[in-house]
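Peer 1: Pasting a structure here, questions to come.
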Amino acid sequence: MIERSDAEKLPRSCHIPVLVAEVLEWLCVRPGQLVVDGTVGGGGHASRILVELGQDGRLLGLDRDQAMLEMAATVLDHPGCTLHQGSYSDLASILSETDQPTGPIDAVLLDLGLSSDQLADDRRGFGFEHDGPLDLRFDTSQGHAAWEWLATVEEGELEQCLRGWGDEPESRRIAGELVRRRKSTPVRTGRDLSESVAEAVGGRRGRRHPATRVFQALRIAVNDELVHLERALSDSLPASLVPGGRLVVISFHSLEDRIVKRAFGKQDTWTNLTHKPVRPTPREERVNPRSRSARLRAAMRA
Ligand SMILES: C[S@@+](CC[C@H](N)C(=O)[O-])C[C@H]1O[C@@H](n2cnc3c(N)ncnc32)[C@H](O)[C@@H]1O
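In this text, residue positions in the sequence shown follow my numbering: the first is 32, and each later residue adds one.
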């Protein structure tokens, strides 16, 4: 639990929440309800949801990243708001803990992936130019940092990861180069990784940094992101939402969107409300370029 008295000393989020009006429309929040923001991040969406919930409403904000929860606490000053470190895929068991809000959940929001605050934090390794350790974990107390994984992973497994989760067309060449180089110059930082990838593929390709897909693939791998999403959609969220309760998912990766679309097709569990994903307007894309790849889908608990 985050102590609100410490919140004033902490930095505020620089993350711009995406598709805010659309999230509120599809979540259909009403005063007095109980809502879960399963990826609360810096609290951008959650603060807007709390306005809709009014003084009698309650919001449980989850994040795997303790640093994000501390940031969220600076903006979520509401008597009905609780913040908790954990994965949305464990929602059902989190709700059974004694200090958590009780009662049926009316709506859940998942805004997947990475926040701009994590990207900006030099200690986490999410940025191409960062000299901090290439960690890439949301929860740094669990599992292995990306640099540790890269030190021992087999070339074939690395290639598969880059191809499967990064759609990286040069996966074989990059995996070969990273494994060959690690004996003499192992990857330790974000900068090490982006330089190794740039060398392997011969510099920039278009407007994107050549290591964009590699960072994405490694982040998905070290956090087991797709496993958490699949588990949540089939077990934890259906078990926690009241019949008729809303689930809104924003994804930034085609694999995530495919998992959500497939899950919402299971009519014994979900009533799909958005047959095509909702996209940001051209204006939002201009103002917040990060929103360009966002896809929102909504469903109702059957
Ligand atoms: C795009 S950001 C959310 C931003 C937030 N909606 C806002 O408006 O500030 C995604 C957040 O989800 C968190 N996250 C990723 N996977 C998670 C999981 N399985 N369970 C809980 N949080 C997760 C990340 O740590 C990150 O803070």
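Glycine included, every Cβ here is placed at the ideal spot set by N, Cα and C.
So E230 and E208 are in contact, right, with Cβ under 8 Å, and what is the actual spacing, rounded?
Peer 2: 7 Å
Peer 1: For ligand 1, any of its heavy atoms closer than 7 Å to the Cβ of L209?
Peer 2: no
Peer 1: Is R95 closer than 8 Å to Q116 when the C-beta atoms are compared?
Peer 2: yes
Peer 1: Could you tell me if C45 is buried or exposed, where buried requires 16 or more neighbouring beta carbons within 10 angstroms of its beta carbon?
Peer 2: exposed
Peer 1: Determine which residues share a DSSP beta bridge with T302 and list them.
Peer 2: M331
Peer 1: So, at 7 Å on beta carbons, what are the nonlocal neighbours of V60 in its own chain, with the 5 sequence-adjacent residues on each side left out?
Peer 2: V66, I80, E83, L84, A138
Peer 1: Which whole-angstrom value describes the C-beta separation of V279 and A329, a residue pair presumed to lie in contact below a C-beta threshold of 8 Å?
Peer 2: 5 Å
Peer 1: Is G69 close to ligand 1? I mean its beta-carbon at under 7 Å from any heavy atom of the ligand.
Peer 2: yes
Peer 1: Spatial neighbours of Q173 within its chain, please: CB distance less than 7 Å, with the 5 preceding and 5 following residues excluded, ordered by chain position.
Peer 2: none
Peer 1: At a threshold of 7 Å, does E83 count as lining ligand 1 (C-beta to nearest heavy atom)?
Peer 2: no
Peer 1: Assuming F283 and G144 make a contact with CB atoms under 8 Å, what is their CB distance in whole Å?
Peer 2: Confirmed, Cβ separation roughly 5 Å.
Peer 1: What is the rounded straight-line gap between the Cα of E128 and the Cα of A182?
Peer 2: 38 Å
Peer 1: Pick helix, strand or coil for S285, following the three-state DSSP scheme.
Peer 2: helix
Peer 1: Once DSSP output is grouped into helix, strand and coil, what is the label at P313?
Peer 2: helix
Peer 1: List the residues that DSSP assigns as beta-bridge partners of I80.
Peer 2: Listed as beta-bridge partners of I80 by DSSP are no residues whatsoever.
Peer 1: Between E256 and ligand 1, is the CB less than 7 Å from at least one heavy atom?
Peer 2: yes
Peer 1: Tell me, which residues are paired with A138 by DSSP?
Peer 2: V66, R277
Peer 1: Are D121 and L165 closer than 8 Å when you measure CB to CB?
Peer 2: no
Peer 1: Assuming A103 contacts C192 under a Cβ cut-off of 8 Å, what Cβ separation, rounded to an integer in Å, is found between them?
Peer 2: 30 Å between Cβ atoms; not a contact.
Peer 1: Taking the alpha-carbon positions, what's the G221 to G134 distance?
Peer 2: 43 Å
Peer 1: Less than 8 Å between the beta carbons of V71 and L93, yes or no?
Peer 2: yes
Peer 1: Is M331 a contact residue of ligand 1, with contact defined as CB to any heavy atom under 7 Å?
Peer 2: No; taking the cut-off as 7 Å, the Cβ of M331 has no heavy atom of ligand 1 nearer than that.
Peer 1: Could you check where the alpha helix (DSSP H) with D148 kicks off and where it finishes?
Peer 2: Per DSSP, D148 is one residue of the alpha helix (DSSP H) stretching across 147-151.
Peer 1: With R222 as the anchor, note down where its beta strand (DSSP E) starts and where it stops.
Peer 2: First-last for R222: 221-232, but that is the alpha helix (DSSP H), not the beta strand (DSSP E).
Peer 1: Would you identify the three-state DSSP class for T113, choosing helix, strand or coil?
Peer 2: Per DSSP, reduced to three states, the secondary structure at T113 is strand.
Peer 1: By a C-beta neighbour count over all protein chains shown, 10 Å radius and 16 as the cutoff for buried, is P269 buried or exposed?
Peer 2: buried
Peer 1: Can you name, in chain order, every residue of its own chain whose Cβ lies under 6 Å from the Cβ of L264, other than the five neighbours on each side?
Peer 2: A294
Peer 1: Which of the three DSSP states, helix, strand or coil, is assigned to P200?
Peer 2: coil
Peer 1: Can you give me the Cβ contacts of R323 inside the same chain, cut-off strictly under 6 Å, excluding the 5 residues immediately before and after it?
Peer 2: E316
Peer 1: Considering only residues of the same chain and omitting the five flanking positions on each side of D288, which have a CB-CB separation below 8 Å?
Peer 2: S282, P308, R326, R328
Peer 1: Just mark D148 as buried or exposed, buried being the case when its beta carbon has 16 or more other beta carbons within 10 Å.
Peer 2: buried
Peer 1: Quick check on D152: buried or exposed, where buried means 16 or more other Cβ atoms within 10 Å of its Cβ?
Peer 2: Counting other Cβ atoms within 10 Å of its Cβ, D152 reaches 16 or more and is therefore classed as buried.
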